[in-house]
Amino acid sequence: MNRYGTHGKRGRRGATALLALTLAGGLLLTGCGGDDDASGGAKDTTVDSRRRGSAPMPPPDRPRGAQRDDGGTGTGEGEKNGDSREIAPDPDHLSTFALDVDTASYGYARRTLSEGRLPDPATVRPEEFVNSFRQDYERPDGDGFSVTVDGARTDDEDWSLVRVGLATRSAEGRGERPPAALTFVIDVSGSMAEPGRLDLAREALGTMTDRLRDDDSVALVTFSDEAETVLPMTRLGDHRGRVHDAIDGLEPAESTNLGAGVEAGYETAVEGRREGVTNRVVLVSDALANTGDTDADTILERVATERREHGITLFGVGVGSDYGDALMERLADKGDGHTAYVSTTEDAREVFCEQLPRHIELTARDAKAQVAFDPETVAEFRLVGYDNRQVADEDFRDDRVDGGEVGPGHTVTALYAVRTRPGADGHLATATVRWLDPDSRDPHEESGAVETDALGESVWDAERGLRVTATAAYFADALRSADGDRSSLPGAPGLSELSERADGLADRTEDEDLRELAEAIGEADRLA
């Protein structure tokens, strides 16, 4: 294997793939003073989403390779410590994955660095770093996706970073979303007494209650050593005071019986389920289960069963300096939801007032992407991150295979390291996204393509959006490579150089999100 590795077959997401991420639960409130579609990126240089390459691509749904013992179809080479870097058997030039826009990994890494510690490499998921920065991709007119494919050369000969950007339509006005029935499951265990945990949850929930509409409903379940429904499903209307009283009464207690909390939360959600509205469970916890049923598989199966039978999805909000990242990620996966992490009031506002409004409504179910690289121009490639989101290539058009749920106002970014053949010219890759209509479940597809001559001369001279993506990906890659088990991305600068580039980008754009990224990179450089 070369020092960068390549991507070939993607393993099948089966019932045992409990580390898989999904994307979109879909949640709540509106009108927190921010524009749902505000973007952190400038206009990108894009390729017409309906442009097709001249080189024939392999059929996306054609079975490839013998099935592995684990149910996948790759060579298995290079899968050390769950890192999906495989040699692509010729002519396999396909990459298939379920969509994901989780951001918890980036938020938790920032919290850890602010406390003077490098994050555990196992908690660093590059796609969550990349998708923490929204892009200014062109949006479709109706439901579904637009597809943008662009890229630029790195400092390593023949290696480029190629970006696949997907966007849904803009979020509608606050009065046009469907009502929501929301069951909040709040961890009140002793560990939640730490500043920045339960106190932050109380403040955020109080603000959220004032923003919800009269036709929304809220239930509140708490758990420590046992679980308790402190507020049954209550239509807000004239009952906001009752909801505020329940929130204000939240106090830390004893141990963390997460299993009991999840079970009671879903029971309450089912009892209060409303037809024709968005039914969600919102879990706010440090996910450090230590009492009762602590077996992750059992807890996860409860979530999956309620999701299948009642269509109630899960949104996980992580808190705390010690945080059960892996368990929260798996819970959200089984609940067809997503995760975020908060540690400050600003984080809470971002999650509850800006991220969550984009999840109240679904525009696509079981969304998957497949990128077909042209073997005439591409020698090898590697998808950056998405290690737990991979789908067998032949399952791309199998609509029984789970994908991601996506709402309006979303952008999804996937980044590839691509080595082109010396002197290669012409079609480079075609990206296709497939999804089901949320109501009719009819399948739809959209594609975009890129040519070799569309690649910019340097990542660092590219449009702002691509530079932001590259900076976030290089940062995550540096943190993941800290244990010495993974090789760096092509053209990877040292943390010191990356910090300087991030500082310059933040100075030029005056973007607060980029300033926070630059500060995090600078802290990682000092600690390393």
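Residues in the sequence shown are numbered consecutively from 4, following the working numbering.
Every residue gets a Cβ at the ideal spot worked out from N, C-alpha and C, and that includes glycine.
Give the single residue among the options whose Cα lies nearest to the Cα of residue i.
i    : options                   : result
S499 : V409, G525 and P493       : G525
A485 : Y419, A299, A531 and G168 : A531
T512 : A527, V471, V104 and P496 : V471
Y344 : S135, H313 and G119       : S135
V436 : V188, A481, R368 and R422 : R368
T115 : V322, D440, R385 and T455 : V322
T171 : R205, L365 and I302       : L365
S98  : A395, S450 and G426       : A395
D442 : D202, E408 and A417       : E408
D298 : R283, F318, A329 and L286 : A329
L317 : E449, T186 and V233       : T186
D445 : R400, E454 and D480       : R400
D248 : E270, Y269, V265 and G209 : G209
D390 : E160, S346, E131 and D159 : E131
D251 : T294, L203 and T301       : L203
A183 : E270, L239, R310 and D506 : L239
N282 : L303, D339 and V320       : D339
T232 : G199, D153, A196 and D190 : D190
E309 : V287, T294 and E274       : E274
A452 : A107, G147 and V152       : V152
Y332 : S108, F100 and V284       : The amino acid occupying residue 332 in the given sequence is Glu; Tyr does not appear at that position. Comparing Cα-Cα distances from E332 to each of S108, F100 and V284, the minimum goes to S108.
R311 : A457, E197 and R403       : R403
Y269 : H313, R392 and V280       : H313
R392 : R385, G406 and D398       : G406
D218 : L303, T294, L201 and E278 : E278
L201 : E179, A256 and P181       : A256
R276 : V306, D300, L303 and P235 : P235
G412 : L121, D123, R142 and P122 : R142
Pop quiz: residue i and residue j are said to be a contact at Cβ under 8 angstroms. What is the actual Cβ separation, rounded to whole angstroms?
i    : j    : result
R483 : V127 : 5 angstroms
D336 : D289 : Not confirmed; about 18 angstroms, so no contact.
A174 : L164 : Contact doesn't hold; Cβ gap of about 29 angstroms is too wide.
G272 : I315 : Note that residue 272 is Ala in the sequence shown here, rather than Gly. The Cβ separation is near 5 angstroms, so the contact holds.
R422 : A382 : 5 angstroms
H447 : V104 : With a Cβ gap of about 19 angstroms, H447 and V104 do not count as contacting.
T414 : L253 : That belief does not hold up - the Cβ atoms of T414 and L253 are roughly 34 angstroms apart, past 8 angstroms.
A434 : A372 : 6 angstroms
A420 : D377 : That pair is no contact at about 16 angstroms.
L215 : L286 : Not confirmed; about 18 angstroms, so no contact.
E449 : H430 : Not really, about 18 angstroms apart at Cβ, beyond 8 angstroms.
A351 : A196 : Actually they do not touch by this definition, with Cβ atoms about 18 angstroms apart.
Between which residues of its own chain and residue i is the CB-CB distance below 7 angstroms, once the five residues before and five after are set aside?
i    : result
G44  : Caution is warranted here: a pLDDT of 35 is assigned to G44, below 50, making its placement in the model unreliable, and the coordinate value is therefore given only provisionally. Here the set comprises F136, R137, Q138, D139, R467, G468 and V471.
L291 : S194, T259, D325 and G327
L418 : V133, L164, R166, V387, T472 and A476
V354 : V320, A343 and V345
Looking only at its own chain, which residues have a Cβ that is under 8 angstroms from the Cβ of residue i, when we skip the five neighbours before and after it?
i    : result
T237 : S220, V221, A222, R245 and V246
E522 : none
R529 : none
E460 : A155 and R156
R424 : D161, E379, T380, V381 and A382
A267 : V188, V224, F226, A230, E231 and T232
E503 : none
Start and end of the beta strand (DSSP E) containing residue i?
i    : result
T190 : According to the sequence as given, residue 190 is Asp; it is not Thr. Its beta strand (DSSP E) spans residues A183 to D190.
R172 : Careful: R172 lies outside any beta strand (DSSP E) and carries neither H nor E.
W438 : H430 to L439
P446 : P446 to E454
V345 : No beta strand (DSSP E) contains V345, which DSSP labels as neither H nor E.
G407 : G407 to V409
By Cβ distance below 6 angstroms, which residues in the same chain neighbour residue i in space, the five residues on each side in sequence not counted?
i    : result
R518 : A509
L501 : Y477 and I524
G110 : Y344
D144 : none
A481 : L498
D159 : P493 and G494
A479 : V127, P129 and F132
S57  : Only weak support is given to the placement of S57: the predicted model assigns it a pLDDT of 34, under 50, and the value that follows is read from those uncertain coordinates. Within the same chain, S57 has close Cβ partners H430.
Between which two residues does the alpha helix (DSSP H) harbouring residue i extend?
i    : result
V354 : It is not in any alpha helix (DSSP H) - V354 carries neither H nor E in the DSSP assignment.
E383 : No alpha helix (DSSP H) holds E383; the beta strand (DSSP E) holding it covers V381 to L386.
R529 : E515 to L530
D510 : L498 to T512
F478 : R467 to R483
F399 : It is not in any alpha helix (DSSP H) - F399 carries neither H nor E in the DSSP assignment.
R310 : A299 to H313
Y109 : A107 to S117
F136 : It is not in any alpha helix (DSSP H) - F136 carries neither H nor E in the DSSP assignment.
A335 : D328 to K337
request  = Can you check the region 208-296 for any beta strand (DSSP E) of at least 3 residues that lies completely inside it and give the ranges in chain order?
outcome  = 220-226, 230-238 and 281-288
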